[in-house]
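Trainee: The letter at position 192 of the sequence shown is residue 191 when you use numbering that gives the first Met the number 0, and the numbering goes up by one with no holes. C-beta atoms are modelled at their ideal positions from N, C-alpha and C, and glycine is treated no differently. As the structure is a prediction and not an experimental result, all values here were calculated from the model.
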Amino acid sequence: MSLVELIAQADERGLAASGLACLDRCVPLLGGDDEVLRPLWASLADGAGGDWADRLEQARGALDAAGPEEPAEDEAALLARRMLAAAPAARAAAEVRVWADDACSVASLQIHRLLDPAEDAAPVDSRREGRTEGMSPLVAAELRRQITVLELLAGHGPAGLRQALEVATEGRRVLRAVVSRRARGAGVNPGP
């Protein structure tokens, strides 16, 4: 099943986990530490989602404080900031679907494309629809992670959250290494 089809079939928790996983993988671009989104993951496990809005505001505050004083003009960092800003305060399915699909899935794939030194000329939407021939390695790995998170939640429900978090953590490590390597190549201090 393509990523687009998986998103279309996902329930509210799956969508929230999918969007959160994309955001979690992009935390290195926001200057945050590895635990900054952990409370949001915990609210997904709770089921009711009552703490989502409060925990989201806490995460935004922490990431705003961790980010540079002068916002980066870097397109990848700007896309990650927009992903965070677009997160809905309510975990209603319709709002979370728009966030997970447009604000997170598309943006995260675009971020990985921008950071991948290999060329990938195909539109991100074609990748999400299943046309994967000639994908750059970083984009291919991000697409696999997005699909895996949605499959885990569809197949295991709340029990799949732990594995989805592990997938996000792996992707965050990869992106942190890419960002660090890129900063060293540009002669810039990569920060925290």
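(1) Could you check how far apart the C-beta atoms of G194 and V95 are, in whole angstroms? I think they sit under 8 Å.
(2) Do L174 and A163 have their C-beta atoms within less than 9 Å of each other?
(3) Compute the Euclidean distance between the alpha carbons of D23 and A15, then round it to the nearest angstrom.
(4) Using DSSP with H/G/I as helix, E/B as strand and the rest coil, what is V173?
(5) Taking only three categories from DSSP, how would you classify D100?
(6) A121 and R130 look like a contact to me (Cβ under 8 Å); what is the Cβ gap, rounded to whole Å?
(7) Give the secondary structure of T131 by DSSP, where H, G and I count as helix, E and B as strand, and everything else as coil.
(8) Quick one: Cα of T147 to Cα of A64, how far?
(9) Can you tell me the Cα-Cα spacing of A102 and L55, whole angstroms?
(10) For the putative contact between L29 and L83, defined by C-beta atoms under 8 Å, what is the C-beta separation to the nearest angstrom?
(11) With a Cβ-Cβ cutoff of 9 Å, do A153 and I110 count as a contact?
(12) If you count every other CB in all the chains shown that lies within 10 Å of the CB of D45, and 16 or more means buried, which is it?
(13) What did DSSP end up calling A89 once you bin it into helix, strand or coil?
(14) Assign D10 to one of three DSSP states: helix, strand, or coil.
(15) Who are the near neighbours of Q57 in its chain, counting only those whose CB is closer than 7 Å to its CB and skipping five residues on each side?
(16) If I measure Cβ to Cβ from W51 and keep anything under 6 Å in the same chain, skipping five residues before and after, which residues do I get?
Mentor: By the coordinates alone:
(1) Residue 194 lies beyond the range of the chain shown here (0 to 191); nothing can be said about it.
(2) The residue you call residue 174 lines up with position 175 of the sequence shown. The residue you call residue 163 lines up with position 164 of the sequence shown. Not in contact: L174 and A163 (Cβ atoms no closer than 9 Å).
(3) On the sequence shown, residue 23 is found 24 positions in, with the first residue counted as 1. On the sequence shown, residue 15 is found 16 positions in, with the first residue counted as 1. D23 and A15: Cα-Cα distance of roughly 12 Å.
(4) Locating residue 173 in the sequence shown gives position 174, counting from the first residue. Residue state, collapsed to three classes: helix.
(5) For this step, residue 100 is matched to residue 101 along the sequence shown. Helix.
(6) For the purposes of this step, residue 121 is identified with residue 122 of the sequence shown, where counting begins at 1. For the purposes of this step, residue 130 is identified with residue 131 of the sequence shown, where counting begins at 1. Yes, A121 and R130 are in contact; Cβ-Cβ is about 7 Å, under 8 Å.
(7) Taking the sequence shown and counting its residues from 1, one reaches residue 131 at position 132. The answer is coil: DSSP assigns T131 none of H, G, I, E or B.
(8) Within the sequence shown, the letter at position 148 stands for residue 147. Within the sequence shown, the letter at position 65 stands for residue 64. Roughly 31 Å separates the two Cα atoms.
(9) For the purposes of this step, residue 102 is taken as residue 103 along the sequence shown, with counting starting at 1. For the purposes of this step, residue 55 is taken as residue 56 along the sequence shown, with counting starting at 1. When rounded, the distance between both Cα atoms is 16 Å.
(10) Residue 29 sits at position 30 when you count from the first residue of the sequence shown. Residue 83 sits at position 84 when you count from the first residue of the sequence shown. The pair is a contact, with the Cβ atoms about 7 Å apart (cut-off 8 Å).
(11) Residue 153 sits at position 154 when you count from the first residue of the sequence shown. Residue 110 sits at position 111 when you count from the first residue of the sequence shown. Their beta carbons are not under 9 Å apart, which means A153 does not touch I110 by this criterion.
(12) Your numbering for residue 45 matches position 46 in the sequence shown. Looking at its Cβ environment, which holds fewer than 16 other Cβ atoms inside 10 Å, D45 is exposed.
(13) Position 90 of the sequence shown holds residue 89. Note: A89 maps to coil in three-state DSSP.
(14) In the sequence shown, the residue the question calls residue 10 occupies position 11. Coil, per DSSP.
(15) Numbered from its first residue, the sequence shown carries residue 57 at position 58. P38.
(16) Within the sequence shown, residue 51 is the residue found at index 52, counting from 1. Same-chain partners within the cutoff: S42, R90.
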